[in-house]
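All remarks here apply to the structure that follows.
Residue numbers (this note's numbering), protein chains in the order written: chain W, 1 to 89; chain R, 1 to 200.
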């Protein structure tokens, strides 16, 4: 029988179906019987769902315009030769 | 009409000095690069700095790019490294990933999981999600964002970060527990309970 600690350590692998079949069966059994581990499993699953549903702001069009300008300046700088210092890296 | 050129074709042309081809790669990937940077850095100005830094590095390095990985993996790798450097510079005293204590076992995990995702995703929850990412050590943050926010595969994340798949899985699991623990704390606060419906 798996311990709660072993279940907790393997939760991500379990969620991704990345465990040997016999271990996955043990996990299933344990989670079915242990309310603490079930809460661990459910909340970890929900955490991942939340981030996958999370919509971030799109890139503003002005970012594209500034990027194009920065690259134009770099083109000119490189054409002038590599002696200029300040690569900014 | 001509079919769209592949990334490989555009890279080859860029390596021969074709500026239009490089511009097309920029158009294709700029929003993805910005989005990854924003997700890692949680700040629009920093994300734009990383966007510019990434394409400047790509422009300077395209001739040396040997095609051992795809262009998308390469550009994501530059983005992730640039964002990581910025995080390290900005971060106040950080917890190293070796010391990072993901065993801060959640006390009283409120069972918030049964609520529908759409109902939980309030502005306040999104703020808590932001803070949970910000609290992650940078190396955990990279893996978590690439895997669970960008939804790349373990092997893609391993290629981008130059880690083994086993290391990705290990960091990911620890990062997930940390993030979940922060959210569990947030959901256990009384003022977040409205998002969970009628639970008492």
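C-beta atoms are modelled at their ideal positions from N, C-alpha and C, and glycine is treated no differently.
Given the structure is predicted, the values throughout are model-derived calculations rather than measurements.
Do residue i and residue j have their CB atoms nearer than 8 angstroms?
i	j	result
residue 56 of chain R	residue 72 of chain W	no
residue 12 of chain W	residue 172 of chain R	yes
residue 47 of chain R	residue 37 of chain R	yes
residue 160 of chain R	residue 146 of chain R	yes
residue 41 of chain R	residue 87 of chain R	yes
residue 117 of chain R	residue 15 of chain W	no
residue 4 of chain R	residue 14 of chain R	no
residue 169 of chain R	residue 140 of chain R	no
residue 52 of chain W	residue 189 of chain R	no
residue 54 of chain W	residue 129 of chain R	yes
residue 112 of chain R	residue 46 of chain W	yes
residue 43 of chain W	residue 135 of chain R	no
residue 149 of chain R	residue 39 of chain R	yes
residue 18 of chain R	residue 70 of chain R	no
Using CA atoms only, rank isn't needed, just tell me which of the options is closest to residue i.
i	options	result
residue 30 of chain W	W:3, W:56 and W:16	W:3
residue 48 of chain W	R:188, R:175 and R:189	R:175
residue 61 of chain R	R:122, R:165, R:12 and R:177	R:12
residue 7 of chain W	W:60, W:37, W:50 and W:79	W:37
residue 34 of chain R	W:80, W:58, W:51 and W:21	W:58
residue 63 of chain W	R:158, R:127 and R:26	R:26
residue 127 of chain R	W:39, W:56, W:19 and W:32	W:56
residue 41 of chain W	R:77, R:186 and R:181	R:181
residue 156 of chain R	R:32, R:77, R:66 and R:54	R:77
residue 54 of chain R	R:120, R:125 and R:72	R:72
residue 39 of chain W	R:120, R:158, R:135 and R:114	R:114
residue 187 of chain R	R:154, R:121 and R:158	R:121
residue 79 of chain R	R:167, R:52 and R:18	R:52
residue 30 of chain R	R:16, R:50 and R:18	R:50
residue 138 of chain R	R:82, R:165 and R:164	R:82
residue 44 of chain R	W:60, W:35 and W:68	W:60
residue 23 of chain W	W:34, W:32, W:1 and W:5	W:1
residue 16 of chain R	R:32, R:65 and R:124	R:65
residue 17 of chain W	R:154, R:163 and R:162	R:154
residue 65 of chain W	R:23, R:90, R:67 and R:89	R:23
residue 5 of chain W	W:20, W:27 and W:67	W:27
residue 144 of chain R	R:167, R:119, R:68 and R:89	R:167
Determine the extent of the alpha helix (DSSP H) in which residue i is found, giving its start and end residues.
i	result
residue 156 of chain R	154 to 161
residue 189 of chain R	Neither: residue 189 of chain R is in no alpha helix (DSSP H) and is coded neither H nor E.
residue 138 of chain R	138 to 144
residue 74 of chain R	71 to 90
residue 120 of chain R	117 to 120
residue 251 of chain R	A query on residue 251 of chain R cannot be resolved here, the shown segment of chain R reaching from 1 to 200 and no further.
residue 5 of chain W	4 to 9
residue 65 of chain R	Element bounds for residue 65 of chain R: n/a, residue is neither H nor E.
residue 33 of chain R	19 to 41
residue 129 of chain R	123 to 134
Just to confirm, does residue i get its C-beta within under 7 angstroms of one of the non-hydrogen atoms of the ligand COA?
i	result
residue 160 of chain R	Ligands are entirely absent from the displayed structure, and the ligand COA is therefore not among its contents.
Q | Residues within the region 20 to 36 of chain W neighbouring chain R, beta-carbon criterion of under 7 angstroms | A | none
Q: Report the residues of the region 111 to 130 of chain R with a CB closer than 9 angstroms to any CB of chain W, ordered along the chain.
A: 111, 112, 113, 114, 115, 117, 118, 120, 121, 125, 126 and 129
Q: With 7 angstroms as the limit, tell me which residues of the region 31 to 55 of chain R have their beta carbon closer than that to any beta carbon of chain W; keep them in chain order.
A: 31, 34, 35, 38, 39, 48, 51, 52 and 55
Q: Would you mind listing the alpha helix (DSSP H) stretches within the region 16 to 83 of chain W that are 4+ residues and don't spill past its ends, in chain order?
A: The qualifying runs are 21 to 33, 35 to 53 and 61 to 80.
Q | Members of the region 4 to 29 of chain R near chain W, C-beta cut-off 9 angstroms | A | Residues are counted here when their Cβ sits less than 9 angstroms from a Cβ of chain W; for the region 4 to 29 of chain R these are 19, 22, 23, 26 and 27, given in chain order.
Q) Relative to chain W, which residues along the region 166 to 195 of chain R have a C-beta separation below 8 angstroms, given in chain order? A) Within the region 166 to 195 of chain R, those residues whose Cβ lies closer than 8 angstroms to any Cβ of chain W are, in chain order, 169, 172, 173, 176, 177, 179, 180, 183 and 184.
**Q.** Cβ-based contacts, 7 angstroms cut-off: residues of the region 130 to 150 of chain R near chain W
**A.** Listed by position, the residues of the region 130 to 150 of chain R near chain W (Cβ gap below 7 angstroms) are 148 and 149.
Q) For the region 59 to 82 of chain R, which residues have a beta carbon sitting closer than 9 angstroms to at least one beta carbon of chain W? A) 59 and 60
Q: Residues of the region 44 to 58 of chain W with a CB closer than 8 angstroms to any CB of chain R: list them in chain order, please.
A: 44, 45, 46, 47, 48, 49, 50, 51, 52, 53, 54, 56, 57 and 58
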